[in-house]
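Enquirer: Residues 1 to 400 in the working numbering are what the sequence shown spells out, letter by letter.
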Amino acid sequence: MKNVILLIACCLFVNAVVAQQPVVAFVPNKDIRAIGLFTEGLAWALVPGGNYGYIDTTGNMVIKPQFREAGIFREGLAIIGQSFGGHIHYGYINRQGSLVIPCQYEDAHDFSYGRAAVNKKGVWEYIDRQGKTALGPAFVRIDTIIDKTYGGAYNEIKPHPLSFRNGRLLVRKGKLYGFVDTAGHWVVPPAYAWAREFSDGVAVVAGKEIPRDSMPGNGELAQLYNKLPAGEPEYTTQVIDSTGKLLFTTAAKGLDEFVDGAALFYQDDKWGLMDKKGNVLIAPTFADQPYPISCGVFFTQVNGKAEGNRDGYLQIYNTAGQPAGKALLCDTEGHCIYDSHRAFFGNLMAVQVENKWGFVDTTGKMVIAPVYNVISDFAESHAAVKTAEGILQVLRNPIK
């Protein structure tokens, strides 16, 4: 199912009467045109002329505007870009604004577990916090993208560098996948036909190959059937821990990554929920795929019978599989949510009522009334918004 929130497809209850007055942390300097996500207490700020600096959660410009591009802080470092000969090159600054890794890369990713993927002169590798090579190109994932429109005539081989998750990096060796640590040592040897990245301390990987269906007997029909091309092999689904230890095997045909101790799974044409031991918390009952788990909850839509689905609702569950809240699609005054960020950040999710944005909590309650033209997520304790009058503000999370 496509998770596109529209009036008929998916809305949230608008309970404006209980929405709290937003807590304005500060109104930034009028020269600031835009503000990014607050991470590690800092957010980039765009000023006239197109330069970026960084402000703190009190609104002070703690790193002066001097960069042509700017990213968020991760592990004390942020990607910044400077223009050289009309081309942007990337490097990293620390929280004091000092350039600790020079702007020498055509592309760069955030740090995770002390490693970051960077592209220099067309070659991807992983560097450490000093900018030294930690893992070479052999550890960078390479995807072959096939253009099916023209029968695969325009295949594209494209690097797709991943990040370390739970201290592990998913790496392919030959046709098999395994996981290495930050030193490049195989912690989980390459033994899997497919594998997904670690999440919540576990990874979903391929188990044994499932034998191909065959028709018994030696008749003409059986011989013809058994000579048909086998197609792509299928495998059982397994879950391993960060040492490669098998935790369990599941008959589920699809298993999402684990978040907050649980994962959505697909079996018998329906979706359910299981924990990291393979215990089924909610049997496969959802016809449509629920929205992803975030902040310990997920939600699924229950359709009504009224025109425009105005009597439907969203059922919110926690990761123990218990109902955590219920949200009507529209209120009695006909106000409905037309869009959403589809995930919770800081226990709040941005939602659009008519043409204004606000925030609901993990029970479906409208916590910050929909009065803003533009919003960002509460990445940590703060979020940038723009009022109907075009005034930029930074809000403090009222429930944290």
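A virtual CB, placed ideally from N, CA and C, is assigned to each residue, including glycine.
Who does Y90 pair with in a DSSP beta bridge?
Expert: Bridge partners of Y90: G81 and Y105.
Enquirer: F38 by DSSP, collapsed to three states: which one?
Expert: It is coil, neither helix nor strand.
Enquirer: What does DSSP give as the partner residue(s) for E69 in the beta ladder?
Expert: In DSSP, E69 forms a bridge with G81.
Enquirer: Whose C-beta lies closer than 6 Å to the C-beta of G278 among residues of the same chain, with five residues either side of it excluded?
Expert: Taken in chain order, the residues that qualify are F248 and T250.
Enquirer: For G390, I'd like the list of residues in its chain whose CB is within less than 8 Å of its CB, leaving aside the five on either flank, ordered along the chain.
Expert: Once the five neighbours on either side are set aside, the close Cβ partners of G390 are N373.
Enquirer: Would L348 and V24 qualify as a contact pair, given that the criterion is a beta-carbon distance under 8 Å?
Expert: Taking 8 Å as the Cβ cut-off, L348 and V24 do not qualify as a contacting pair.
Enquirer: Along the beta strand (DSSP E) that carries K356, what are the first and last residues, could you check?
Expert: Note, K356: beta strand (DSSP E), K356 to D361.
Enquirer: Do D361 and V367 come within 8 Å of each other at the CB atom, strictly closer than that value?
Expert: Yes; because the gap between Cβ atoms is below 8 Å, this pair is in contact.
Enquirer: Which class does G308 belong to by DSSP, given the choice of helix, strand or coil?
Expert: Helix, per DSSP.
Enquirer: Tell me whether the beta-carbon of Y126 lies closer than 8 Å to the beta-carbon of A193.
Expert: Not in contact: Y126 and A193 (Cβ atoms no closer than 8 Å).
Enquirer: Between the C-alpha atoms of E380 and E209, what's the straight-line distance to the nearest angstrom?
Expert: Near 43 Å, if we compare the C-alpha coordinates of E209 and E380.
Enquirer: To the nearest whole angstrom, what separates the beta carbons of L46 and V62, a pair I think is in contact under 8 Å?
Expert: About 15 Å; that fails the 8 Å criterion.
Enquirer: Buried or exposed: where does Q301 fall if 16 or more other Cβ atoms within 10 Å of its Cβ makes it buried?
Expert: By the 10 Å Cβ count, Q301 comes out buried.
Enquirer: What first and last residue would you give for the beta strand (DSSP E) that runs through P284?
Expert: From DSSP, the beta strand (DSSP E) with P284 extends over V280 to F286.
Enquirer: I need the DSSP call for F139, collapsed to helix, strand or coil.
Expert: Residue state, collapsed to three classes: helix.
Enquirer: If you run the structure through DSSP and keep just helix, strand and coil, what is E234?
Expert: In the structure shown, E234 sits in coil (DSSP, three-state: anything other than H, G, I, E or B).
Enquirer: Between N309, Y317 and G308, which has its C-alpha nearest F286's C-alpha?
Expert: If we check each option's Cα against that of F286, Y317 comes out closest.
Enquirer: When DSSP builds the beta bridges, which residues end up paired with Y192?
Expert: Answer is Y177.
Enquirer: Give the straight-line distance between the Cα atoms of I240 and I32, rounded to the nearest whole angstrom.
Expert: For I240 and I32, the distance between alpha carbons rounds to 47 Å.
Enquirer: Using a threshold of 8 Å, state whether the C-beta atoms of P65 and G76 are closer than that.
Expert: No, they are not a contact pair.
Enquirer: Taking all protein chains shown into account, do 16 or more other C-beta atoms lie within 10 angstroms of the C-beta of I35, making it buried, or fewer, making it exposed?
Expert: With 16 or more other Cβ atoms within 10 Å, it is buried.
Enquirer: For L224, count neighbouring Cβ atoms within 10 angstroms of its own Cβ and tell me buried if that reaches 16, exposed if not.
Expert: That one is exposed.
Enquirer: Give the DSSP-derived three-state secondary structure of V394 in the structure shown.
Expert: In this structure, V394 counts as strand in the three-state DSSP scheme.
Enquirer: Use the C-beta contact count for L37: other C-beta atoms within 10 angstroms, 16 or more gives buried, fewer gives exposed.
Expert: With 16 or more Cβ atoms within 10 Å of its Cβ, L37 is classed as buried.
Enquirer: Along the chain, where does the beta strand (DSSP E) that runs through A324 open and close?
Expert: Counting along the chain, the beta strand (DSSP E) containing A324 begins and ends at P323 to L328.
Enquirer: Measure the beta-carbon distance from V297 to F344 and round it to whole angstroms, keeping in mind my assumption that it falls under 8 Å.
Expert: V297 to F344, Cβ: 7 Å. Contact.
Enquirer: Relative to the alpha-carbon of A327, which residue among E307, C103, G312 and T319 has its alpha-carbon at the smallest distance?
Expert: Checking every option, the nearest Cα to that of A327 belongs to G312.
Enquirer: For the beta strand (DSSP E) containing H382, name the first residue and the last one.
Expert: H382 to T387 is the extent of the beta strand (DSSP E) around H382.
Enquirer: Assuming the contact rule is C-beta atoms closer than 8 Å, N51 and F67 should be a hit. Round their C-beta distance to whole Å, please.
Expert: Contact flag correct, Cβ pair sits at about 6 Å.
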